[in-house]
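Numbering (mature numbering (1 follows the signal peptide of the UniProt record, and there is no 0)), first residue to last: -31 to -1, 1 to 838.
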């Protein structure tokens, strides 16, 4: 019919109709794979790579109602490999992906930016083009020079590793929050900075899993880490067809390239790294490898000196001769899970021991390795060491002619039994504990040794003599108890009235549950082990502390302050503590020491450091705290290399955590506490980077309904003290609010308040922040380390709240409950701040002055004010 119609049309019209039809067919059959500065991608449209492999566009996850993200996915299977604005979904207005103002950004129709690319080479001033390649890489190039790459998405992966990506020391994959929520989750996969060509999964900053095994003498049972190591060269470059000759004579390498192009590595939301491969001839994927593959494959699955057994109940059991660690005994929930030796007496422990052999054990690296010893010599080496926990003997092999004797003398961790490539571990067990080692819970892998049976046989032969001795001892004990009770009853009848009166008088001071009683104890002249029960923390002997710190060795010293030094101590079972040793010459240390022992023991909050014990013997006064590996906040914040670890979300969470701690001190605890020395160096970070306020030596209690007080002795740190406290000795909860505002500004800017200078004027950080705020340039305060991850609106709001906190008049400052409401409520709009205190420093030539009653730990206080522009 169409052909008949065309035959009756003029030839020119026929030609025009054919050209239009051809153009229409071409537009249908081909898709757009790039955008330019003039042609942004709007929501509803997509980019498709030239080979029809990958697609880019906006999508809405199942559990994010109305929220949209820009992502890249396999076109045939809808499997996502990259997401741009995963920190902030678009709601309401339609999304636009554009090249705008020399930057790549995801925005809505009102030009609000939800994501912009970092690391763009802006030296090229011509027109730019973004192209989606068949490798899944989104590449920014000049329109007239496609070989020059200005930016590429492969340098900024999300949760998926694709062939072609470079896995250098800055590379990491971050999991989704859930299976359907692309927001950044808790798990990251990255190169292991402690081992060559190995990889690790971390939860926040804590190591969760690592490749290549935990002991260099034990081979892993799967090849997932071998695949990763093969996929990534030692220099961090992926093996791809682009950097390997296409006509390579290496058939295995050719097969490898094909295999990689059909593979992807994904950091899953539940903390596992999975290798997925495309099923041959289909668009579906199958899981070919997963780590950690079970509960026992994670780092320290059961803690120290305990064995993890897959598919066993209970899953964790102690080594022979060890018992579960008693949390109640140490009154702390912050110790690692695990077990401790049933006997810690070295002399008793290594006398008449037998070795129990545990077959096929996966275990962490040994503390000592001796080569060229035979089995007997290896056992004797462990036997002669007081602190030997286990040994393993590896005989010579064809590929390794030397024997190896492995000794664990510090601690044993990452133990797993029934591991096909594991070691035979020999654990020394004293005869008097051998029977306990046999009575393991159901499912335990331990077996009784012949030495234990021989020991039991010896006692069977001596049973008659033992029985006679037991009968005689029982009679003597019963007689002694009867005589004692008779004498005690006669004595007590004559003194009952006096005893009851004494009890009524002496019981009350044993309970320190009111503000007055706690203050009375702090004001008391002495503090000794007798107070242990009332205080509620462990009294630890000096002898135990000396052993834990190796006699306060300099190797174990963590730092030093005006009060004295802090040491790392390792207690029985490998438990690590921080020990503050008061300097004997410290003039103001005794009062602060009592303050911390009594006061901090009564404070229970996740954002306050935990006191675990104390010691008062002779002139020694020591405090024992939980050990926090990430040290104090200033250690990371003011180091231009380490500060990159503190990205925006982490800094914001630290600010809120410090605020929650202060809110507890001011309002929620039974005692109204004013810290008086809040600063970044007194904020410690735990393994999950949660902040904990420390150093309560200067803290004061406000009794009853008191909200303020004064003192004749002003102590504190320059730059953090409120003006009413520094000049007049007047302090209140608003004094801590002022210090919190200074801490906020330091966290936001990465600069110290007391050491910051501007080129044209001697501004403190407070003065500079006030000037930027008045001129509408608050974003210029931002630390350069967080520019790529920072939420600009939240940042400005935090600056606003911080300036409210440091206002000169304490009446104008908000209390901590209002501060936390403003920080936690996205709708709340803070008021405009008034001029802060200490805006401009005096010139260095100006003579410093101070109040006659002012004494600080860092020098005299000087103040002056300046007008904001």
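Each residue gets a CB set at the ideal place from its N, CA and C atoms; glycine is no exception. Small disclaimer: the values here were computed from a predicted structure and weren't measured.
Rounded to the nearest angstrom, the gap between the Cα atoms of residue 137 and residue 176 is 18 Å. For residue 353, the number of other beta carbons within 10 angstroms of its own is below 16, and it is reported as exposed. Annotation for residue 75: the continuous beta strand (DSSP E) segment containing it runs 72 to 77.
Closest in C-alpha terms to residue 657, from the list 612, 607 and 598, comes 598. Residue 565 sits buried, since 16 or more C-beta atoms from the chains shown fall within 10 Å of its C-beta.
Within a 10 Å sphere around the beta-carbon of residue 601 sit 16 or more other beta-carbons, which makes this residue buried. For residue 181 and residue 663, the gap between their C-alpha atoms comes out near 39 Å. The three-state reading of DSSP puts residue 85 in strand, counting E and B together. Take residue 596, set aside five residues on each side of it, and the residues of its chain with a beta-carbon closer than 6 Å to its own are 545, 546 and 547, in chain order. With a threshold of 16 other beta carbon atoms within 10 Å, residue 778 falls short and is exposed. Ranked by Cα distance from residue 12, the first of 389, 395, 130 and 26 is 26. Distances from the CA of residue 743 to each of 758, 720, 768 and 452 were compared; the closest alpha carbon is that of 768. For residue 76, the number of other beta carbons within 10 angstroms of its own is at least 16, and it is reported as buried. Its chain contains 735, 739, 772, 775, 776 and 777 as the residues whose beta carbon lies nearer than 7 Å to that of residue 805, once the 5 sequence neighbours on both sides are disregarded; these appear in chain order. The beta carbon of residue 603 is closer than 6 Å to those of 649 and 650 in its chain, skipping five residues each way along the sequence. Given a length threshold of 4 residues, each whole run of the alpha helix (DSSP H) inside the region 535 to 616 is given here in chain order: 558 to 568 and 602 to 606. When the five nearest sequence neighbours on each side are left out, the beta carbons in the same chain lying within less than 6 Å of the beta carbon of residue 159 are those of 141, in order along the chain. Note on the region 139 to 177: whole beta strand (DSSP E) runs with a minimum of 3 residues are 141 to 147, 150 to 160 and 168 to 172, in chain order.
Here residue 442 is not bridged, per DSSP, to any residue. Residue 72 sits away from residue 53, with the two beta carbons spaced by 8 Å or more.
Excluding the 5 residues flanking it on each side, residue 741 has same chain C-beta neighbours closer than 6 Å at 747, 749 and 750, in chain order.
Within the DSSP bridge table, the entry for residue 338 names 375 as partners. According to DSSP, residue 255 shares a beta bridge with 246. Restricting attention to 323, 643 and 377, the CA atom closest to the CA of residue 665 is found in 643. Residues of the same chain with a CB within less than 7 Å of the CB of residue 336, apart from the 5 flanking positions on each side, are 376, 377, 378 and 379 in chain order.
Residue environment for residue 30: buried (at least 16 other C-beta atoms within 10 angstroms of its C-beta).
Residue 327: not part of any alpha helix (DSSP H); member of the beta strand (DSSP E) spanning 322 to 330, first to last residue. Taking 8 Å as the cut-off, the beta carbon of residue 632 is found closer than this to the beta carbon of residue 786. Taking the C-beta atoms as reference points, residue 117 is found nearer than 8 Å to residue 111.
Sixteen is the threshold: since fewer than 16 other Cβ atoms of the shown chains lie within 10 Å of the Cβ of residue 588, the residue is exposed.
Per the coordinates, the alpha-carbon of residue 338 lies some 46 Å from the alpha-carbon of residue 572. Taking each of 105, 157, 278 and 63 in turn and checking the Cα distance to residue 139, the smallest one comes out for 157. Proximity to residue 363 across 395, 551, 290 and 384 peaks at 395, based on C-alpha coordinates. In the DSSP secondary-structure assignment, residue 512 is not bridged to any residue. In the DSSP assignment, residue 277 falls within the unbroken beta strand (DSSP E) covering 275 to 277.
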